[in-house]
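FYI, the numbering for the sequence shown is 78 to 230, going by the working numbering. We put the CB at the ideal spot given by N, CA and C, even for glycine. Just so we're clear, the structure is a prediction, and the values are computed from it rather than from any experiment. Working notes, structure below.
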Amino acid sequence: MNLDDPGELDWGTPLLIQLTPEAVARVLMDTANAVHTGRETCIDDDSIISQMQAQDDSGVNTVRLVEQEFADEQEPEVIWHDWAVEVRLGQVLITGHWHVRSGATPFEWDWLARQAEMAFERACLLVGRRARRGVWVEEPEPREVPPPRASRH
78 MNLDDPGELD WGTPLLIQLT PEAVARVLMD TANAVHTGRE TCIDDDSIIS
128 QMQAQDDSGV NTVRLVEQEF ADEQEPEVIW HDWAVEVRLG QVLITGHWHV
178 RSGATPFEWD WLARQAEMAF ERACLLVGRR ARRGVWVEEP EPREVPPPRA
228 SRH
């Protein structure tokens with residue numbers, strides 16, 4: 078590759094950039110409730126509701142969007158709903174969490190889910206992929222039927 082050549086570069090020319098975990102977190106996860114780094118995932122496979130993953134051609138760098146639910150460690154009766162975006166670049170794992178108590182308003186759920194989805198969409202660029210929003214159908218959850226009222230005639 079000759080960078081002094083004024084002609085166009087080959088589309089397959091590798092680009093090298095330097096990113097820090099802090100830069101990735103600031104750009105992608107600025108609205109997250111919590112962000113941390115590590116070498117291993119903090120997500121328990123048993124708590125996963127849904128997940129989506131993108132990886133580069135080498136399979137080394139990955140981006141994952143995980144939706145999960147789990148009980149609070151201090152208050153087991155409190156259930157948290159969490160959307161996590163994991164960005165693994167080489168050996169470094171950067172994770173952002175957008176979480177809410179399960180009894181929160183639909184507006185909160187939608188806003189947090191959308192923030193995590195946008196972070197995932199943007200992070201896919203780091204592995205050379207494009208993410209697009211989709212449409213899905215949710216089945217209604219069964220509701221408890223209240224007992225019939227007693228009435229007097």
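Query	Result
Given that a residue counts as buried once 16 or more other Cβ atoms are within 10 Å of its Cβ, and exposed if not, what is Thr172?	buried
In angstroms with no decimal places, state the Cα-to-Cα distance between Arg199 and Ala100.	13 Å
Span of the alpha helix (DSSP H) holding Gln168?	Taken as a continuous stretch (DSSP letters only), Gln168 belongs to no alpha helix (DSSP H), as it is neither H nor E.
Bridge partners of Thr139, per DSSP?	Gln132, Arg165
By the DSSP assignment, the alpha helix (DSSP H) with Ala196 in it spans what residues?	183-200
Can you find the residues in the same chain that come closer than 6 Å, C-beta to C-beta, to Met129, ignoring five residues on each side of it along the sequence?	Leu142
With a threshold of 8 Å on Cβ separation, who are the neighbours of Phe147 within its own chain once the five nearest residues in sequence on each side are excluded?	Asp121, Ser124, Ile156, Trp157, Asp159
Using the beta-carbon count (16 or more within 10 Å), is Cys119 buried or exposed?	exposed
With C-beta atoms as the reference, is Val169 less than 8 Å away from Phe197?	no
Thinking just about the alpha-carbon of each residue, which of Arg209, Arg210, Gly205 is nearest to the one in Gly89?	Gly205
Quick check on this structure: which residue in Pro91, Glu144, Val137, Arg178 has the alpha carbon closest to the alpha carbon of Glu152?	Arg178
Using the C-alpha atoms, what's the distance from Thr97 back to Arg191?	25 Å
Are Thr139 and Arg165 close, meaning C-beta to C-beta below 8 Å?	yes
At what residues does the alpha helix (DSSP H) containing Ala111 begin and finish?	First-last for Ala111: 111-115, but that is the beta strand (DSSP E), not the alpha helix (DSSP H).
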